[in-house]
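In the numbering used here, the protein residues as written are 3 to 88.
C-beta atoms are modelled at their ideal positions from N, C-alpha and C, and glycine is treated no differently.
Values in this document were obtained by computation on a predicted structure and should not be read as measured data.
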(Lines of atoms letter the chains of each structure in order from A and count residues from 1; the text may use other names and numbers.)
(Lines give C-alpha, C1' and ligand atoms only; values in the text may rest on other atoms or scores of the structure.)
Protein backbone atom coordinates (compact mmCIF):
# COMPACT_ATOMS: atom_id res chain seq x y z
CA UNK A 1 0.00 0.00 0.00
CA UNK A 2 1.33 3.43 -0.94
CA UNK A 3 1.90 5.95 1.82
CA UNK A 4 2.18 8.82 -0.65
CA UNK A 5 -0.21 11.64 0.23
CA UNK A 6 -2.68 12.43 -2.55
CA UNK A 7 -4.69 15.58 -3.18
CA UNK A 8 -7.36 16.52 -5.71
CA UNK A 9 -6.84 19.54 -7.99
CA UNK A 10 -8.76 21.10 -10.86
CA UNK A 11 -6.72 21.70 -14.01
CA UNK A 12 -7.19 22.91 -17.56
CA UNK A 13 -5.35 20.62 -19.97
CA UNK A 14 -4.25 21.17 -23.54
CA UNK A 15 -3.99 17.82 -25.32
CA UNK A 16 -2.95 17.40 -28.95
CA UNK A 17 -3.97 14.26 -30.79
CA UNK A 18 -3.00 12.88 -34.17
CA UNK A 19 -6.11 11.13 -35.44
CA UNK A 20 -6.85 8.89 -38.42
CA UNK A 21 -10.37 8.78 -39.89
CA UNK A 22 -11.54 6.03 -42.23
CA UNK A 23 -14.88 6.95 -43.80
CA UNK A 24 -16.75 6.60 -47.08
CA UNK A 25 -17.55 9.74 -49.04
CA UNK A 26 -18.77 10.45 -52.57
CA UNK A 27 -17.03 13.34 -54.31
CA UNK A 28 -17.06 14.80 -57.79
CA UNK A 29 -13.57 14.83 -59.30
CA UNK A 30 -11.97 15.36 -62.71
CA UNK A 31 -12.07 12.13 -64.74
CA UNK A 32 -8.33 12.35 -65.38
CA UNK A 33 -7.50 11.67 -61.71
CA UNK A 34 -10.06 8.91 -61.14
CA UNK A 35 -7.80 6.06 -62.29
CA UNK A 36 -4.58 7.30 -60.68
CA UNK A 37 -4.45 6.75 -56.89
CA UNK A 38 -1.56 9.19 -56.40
CA UNK A 39 -3.23 11.93 -58.46
CA UNK A 40 -6.53 11.28 -56.68
CA UNK A 41 -4.85 11.56 -53.27
CA UNK A 42 -3.13 14.80 -54.28
CA UNK A 43 -6.37 16.22 -55.70
CA UNK A 44 -8.39 15.47 -52.56
CA UNK A 45 -5.61 16.80 -50.32
CA UNK A 46 -5.64 20.08 -52.27
CA UNK A 47 -9.45 20.28 -52.35
CA UNK A 48 -10.54 19.64 -48.76
CA UNK A 49 -13.78 21.52 -49.36
CA UNK A 50 -15.02 18.49 -51.33
CA UNK A 51 -15.01 16.18 -48.30
CA UNK A 52 -14.29 18.13 -45.11
CA UNK A 53 -17.96 18.60 -44.17
CA UNK A 54 -18.39 14.81 -44.34
CA UNK A 55 -15.54 14.12 -41.91
CA UNK A 56 -17.12 12.01 -39.14
CA UNK A 57 -15.58 13.76 -36.14
CA UNK A 58 -17.65 11.57 -33.80
CA UNK A 59 -16.83 8.34 -35.71
CA UNK A 60 -20.55 7.73 -36.32
CA UNK A 61 -20.06 6.98 -40.04
CA UNK A 62 -16.61 5.50 -40.04
CA UNK A 63 -13.79 4.58 -37.76
CA UNK A 64 -11.57 6.80 -35.69
CA UNK A 65 -8.11 5.90 -34.38
CA UNK A 66 -6.00 8.07 -32.13
CA UNK A 67 -2.44 7.53 -33.31
CA UNK A 68 -0.69 9.77 -30.83
CA UNK A 69 -1.68 11.86 -27.83
CA UNK A 70 0.52 14.48 -26.15
CA UNK A 71 -0.20 16.57 -23.08
CA UNK A 72 1.00 20.00 -24.21
CA UNK A 73 0.12 22.17 -21.20
CA UNK A 74 -1.56 21.99 -17.80
CA UNK A 75 -2.79 24.98 -15.80
CA UNK A 76 -3.83 24.71 -12.19
CA UNK A 77 -7.32 26.19 -11.71
CA UNK A 78 -8.78 27.51 -8.47
CA UNK A 79 -10.54 24.82 -6.48
CA UNK A 80 -14.35 24.91 -6.27
CA UNK A 81 -14.18 26.01 -2.62
CA UNK A 82 -11.80 28.88 -3.44
CA UNK A 83 -13.99 29.98 -6.35
CA UNK A 84 -17.06 30.08 -4.08
CA UNK A 85 -15.38 31.97 -1.21
CA UNK A 86 -16.40 35.63 -0.73
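Asked: Helix, strand or coil at residue 75 [DSSP, three-state]; Found: strand
Asked: Through-space distance from residue 67 to residue 36, alpha-carbon basis; Found: 27 Å
Asked: Cβ contact check for the region 7-16 and the region 41-59: 3 or more pairs under 8 Å; Found: no
Asked: C-beta contact flag for residue 57 and residue 29 at 7 Å; Found: no
Asked: Beta-bridge partners of residue 13, as assigned by DSSP; Found: 78
Asked: Where the alpha helix (DSSP H) through residue 29 begins and ends; Found: Premise fails: residue 29 is in no alpha helix (DSSP H) and is neither H nor E.
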